[in-house]
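Sequence order for the protein chains is X and V. Heads up: the first sequence begins at 205 in this note's numbering, then just goes up one per residue. Heads up: the second sequence begins at 5 in this note's numbering, then just goes up one per residue. We put the CB at the ideal spot given by N, CA and C, even for glycine. In what follows, a structure is listed as C-alpha cells, so that the remarks can point back to it.
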Amino acid sequence: DTEVTQTPKHLVMGMTNKKSLKCEQHMGHRAMYWYKQKAKKPPELMFVYSYEKLSINESVPSRFSPECPNSSLLNLHLHALQPEDSALYLCASSQLPPGGGHTIYFGEGSWLTVV
Amino acid sequence: SQQGEEDPQALSIQEGENATMNCSYKTSINNLQWYRQNSGRGLVHLILIRSNEREKHSGRLRVTLDTSKKSSSLLITASRAADTASYFCAIELSYGQNFVFGPGTRLSVLP
Chain X
205 DTEVTQTPKH LVMGMTNKKS LKCEQHMGHR AMYWYKQKAK KPPELMFVYS
255 YEKLSINESV PSRFSPECPN SSLLNLHLHA LQPEDSALYL CASSQLPPGG
305 GHTIYFGEGS WLTVV
Chain V
5 SQQGEEDPQA LSIQEGENAT MNCSYKTSIN NLQWYRQNSG RGLVHLILIR
55 SNEREKHSGR LRVTLDTSKK SSSLLITASR AADTASYFCA IELSYGQNFV
105 FGPGTRLSVL P
C-alpha cells in the first residue's frame with residue numbers, strides 16, 4: 205500500500221468552481237510532486253516542492269495553484285478549470301529532490317472531472 | 005525529447021510466459037526506475053537501477069541498463085494474470101531536478 209495519501213479520490217467540478225486536491229505523506233520526505241495523467245498517457249510533471257519551496261513549475265496555467273503548508277502536506281488549488289483539465293492527478297514524494305537517486309512514491313491519485 | 009521511449013507499446017502474452025519491455029532514452033541519467041500502474045490506479049515502484057549498475061533483480065523482475073546504448077529492459081518471468089498493467093520507465097536526468105516518464109507498455113497476461 206502507498207504511504208502517500210490523496211483526497212478526494214474523485215472530484216467533479218464546474219468551470220466556475222474553486223476546489224482543492226490534498227496530499228499527505230508521513231515518510232519524512234522533503235520533496236513532493238504533482239503530476240497530471242491523461243488516459244493511456246504517461247504522467248506529466250506539473251510542480252516540484254523541495255524543502256517546502258516551489259522548485260519546478262512546468263509552465264502550468266495559473267488556474268492550478270500549488271501550496272505546501274508544511275513538509276507533510278501538499279495541496280493543489282483549482283479555479284476556473286476547463287473540461288480538458290479532466291485527468292488523474294497524482295501526488296508523489298521522495299526523500300530528497302530529484303538528482304539524488306531517490307525512489308519517488310506515488311499516491312493513488314485524484315480523478316478530476318470538469319463539467 | 006528527453007523522455008524515455010518504450011517498446012512495445014502493447015504486449016499480450018499467455019500466463020507462464022516471460023514478458024520483456026524496453027526503454028530507450030537520449031540524455032545522460034542518474035538512474036532509471038520502473039513503475040507499474042493498474043488501470044485507474046496510482047503508480048507502484050518496482051525497481052531502481054543506478055547509472056553505474058548493469059543489472060538488478062527483484063523477485064520475478066530483472067532489469068538491465070546499458071548506458072552506452074542508452075537503454076534498459078524489464079523482464080517479468082513466469083507471468084501471471086495479476087501482472088496485467090501498464091509499465092513505465094522513468095529517468096532521473098543527471099542535470100536539473102527532473103524525473104521524466106516514458107510512454108509506457110500495456111501488458112496483458114491471458115489466463
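| said: Here's a check: name, in chain order, each residue in its chain whose Cβ is nearer than 6 Å to the Cβ of residue 264 of chain X, leaving out the five neighbours to either side. | reply: The count along the first sequence starts at 1 and reaches residue 264 of chain X at position 60. Result list for residue 264 of chain X: 250, in chain order.
| message | Check whether the segment 264–277 of chain X and the segment 27–38 of chain V touch, using three or more Cβ-Cβ pairs below 8 Å as the test. | response | no
| task | Would you list, in sequence order, the uninterrupted beta strand (DSSP E) runs of no fewer than 3 residues that lie entirely inside the segment 261–316 of chain X? | result | 268–274, 277–283, 291–298, 308–310
| query | Closest to residue 115 of chain V by CA distance: which of V/20, V/15, V/91 is it? | reply | For the purposes of this step, residue 115 of chain V is identified with residue 111 of the second sequence, where counting begins at 1. The residue with the shortest Cα to Cα distance from residue 115 of chain V is V/20.
| request: Spatial neighbours of residue 292 of chain X within its chain, please: CB distance less than 6 Å, with the 5 preceding and 5 following residues excluded, ordered by chain position. | output: Counted from its first residue, the first sequence places residue 292 of chain X at position 88. If we look at residue 292 of chain X and ignore the five residues flanking it on each side, its Cβ neighbours are 241, 313, 315.
| Under 8 Å from the C-beta of residue 309 of chain X: neighbouring residues of chain V | Within the first sequence, residue 309 of chain X is the residue found at index 105, counting from 1. Simply 49.
| query | residue 395 of chain X by DSSP, collapsed to three states: which one? | reply | Any question about residue 395 of chain X goes unanswered here, given that chain X covers just 205 to 319.
| Under 8 Å between C-beta atoms, does residue 54 of chain V make it to chain X? | As a first step, residue 54 of chain V is located in the second sequence; it is residue number 50 there, counting from the start. Cβ-Cβ to chain X under 8 Å: yes for residue 54 of chain V.
| query | residue 297 of chain X to residue 236 of chain X, Cα distance in whole Å? | reply | Reading the first sequence from its first residue, position 93 is the one you call residue 297 of chain X. Reading the first sequence from its first residue, position 32 is the one you call residue 236 of chain X. Those two C-alpha atoms are separated by around 4 Å.
| CA-to-CA distance, residue 97 of chain V to residue 12 of chain V, given in whole angstroms | Your numbering for residue 12 of chain V matches position 8 in the second sequence. Your numbering for residue 97 of chain V matches position 93 in the second sequence. Straight-line Cα distance between these residues: approximately 23 Å.
| task | Return yes when the Cβ of residue 58 of chain V is within less than 8 Å of the Cβ of residue 79 of chain V, no when it is not. | result | Here residue 79 of chain V corresponds to residue number 75 of the second sequence, with the count starting at 1. Here residue 58 of chain V corresponds to residue number 54 of the second sequence, with the count starting at 1. No, they are not a contact pair.
| query | Roughly how many angstroms lie between the CA atoms of residue 6 of chain V and residue 34 of chain V, to the nearest whole one? | reply | Here residue 6 of chain V corresponds to residue number 2 of the second sequence, with the count starting at 1. Here residue 34 of chain V corresponds to residue number 30 of the second sequence, with the count starting at 1. Residue placement at residue 6 of chain V is poorly supported in this model, since its pLDDT is 48, which falls under 50; the coordinates are not used for a value here.
| query | From this set, V/113, V/108, V/112, which residue's C-alpha is nearest residue 248 of chain X's C-alpha? | reply | Residue 248 of chain X sits at position 44 when you count from the first residue of the first sequence. It is V/108.
| query | Is the shortest distance between the beta-carbon of residue 63 of chain V and the beta-carbons of chain X less than 8 Å? | reply | Along the second sequence, read from residue 1 onward, the residue named residue 63 of chain V stands at position 59. Cβ-Cβ to chain X under 8 Å: no for residue 63 of chain V.
| query | For a contact meaning CB atoms closer than 9 Å, what does residue 3 of chain V contact in chain X? | reply | No statement about residue 3 of chain V is possible, as the shown extent of chain V runs from 5 to 115 and does not include it.
| field | Coil, strand or helix - residue 86 of chain V by DSSP | value | Stepping through the second sequence from its first residue, residue 86 of chain V is reached at position 82. Residue 86 of chain V falls in the helix class under three-state DSSP.
| request: Identify which residue in X/214, X/318, X/231, X/215 has its Cα closest to the Cα of residue 285 of chain X. | output: As a first step, residue 285 of chain X is located in the first sequence; it is residue number 81 there, counting from the start. Checking every option, the nearest Cα to that of residue 285 of chain X belongs to X/318.
| query | What did DSSP end up calling residue 220 of chain X once you bin it into helix, strand or coil? | reply | Counting from one through the first sequence, the residue named residue 220 of chain X turns up at place 16. Three-state DSSP puts residue 220 of chain X in coil, outside helix and strand.
| message | Which residues in chain X have a C-beta closer than 8 Å to the C-beta of residue 40 of chain V? List them in chain order. | response | Stepping through the second sequence from its first residue, residue 40 of chain V is reached at position 36. Going along chain X, no residue has its Cβ under 8 Å from residue 40 of chain V, so there is no contact; the nearest lies around 11 Å.
| query | For residue 69 of chain V versus residue 36 of chain V, is the C-beta distance shorter than 8 Å? | reply | Along the second sequence, read from residue 1 onward, the residue named residue 69 of chain V stands at position 65. Along the second sequence, read from residue 1 onward, the residue named residue 36 of chain V stands at position 32. Yes. Within cutoff.
| Candidates V/72, V/92, V/9: closest to residue 52 of chain V by CA position | Within the second sequence, residue 52 of chain V is the residue found at index 48, counting from 1. Of the listed residues, the one whose Cα sits closest to residue 52 of chain V is V/92.
| said: Just verifying my parser: in three-state terms, what is the DSSP assignment at residue 20 of chain V? | reply: Position 16 of the second sequence, counted from the start, is the residue given in the question as residue 20 of chain V. The answer is coil: DSSP assigns residue 20 of chain V none of H, G, I, E or B.
| said: Using C-beta distances below 7 Å, list every residue in its chain close to residue 254 of chain X, excluding the 5 sequence neighbours before and after it, in chain order. | reply: Numbered from 1 along the first sequence, position 50 holds the residue referred to as residue 254 of chain X. Hits under 7 Å: 234, 235, 301.
| Does DSSP classify residue 248 of chain X as helix, strand or coil? | For the purposes of this step, residue 248 of chain X is identified with residue 44 of the first sequence, where counting begins at 1. If DSSP states are grouped into helix, strand and coil, residue 248 of chain X belongs with the strands.
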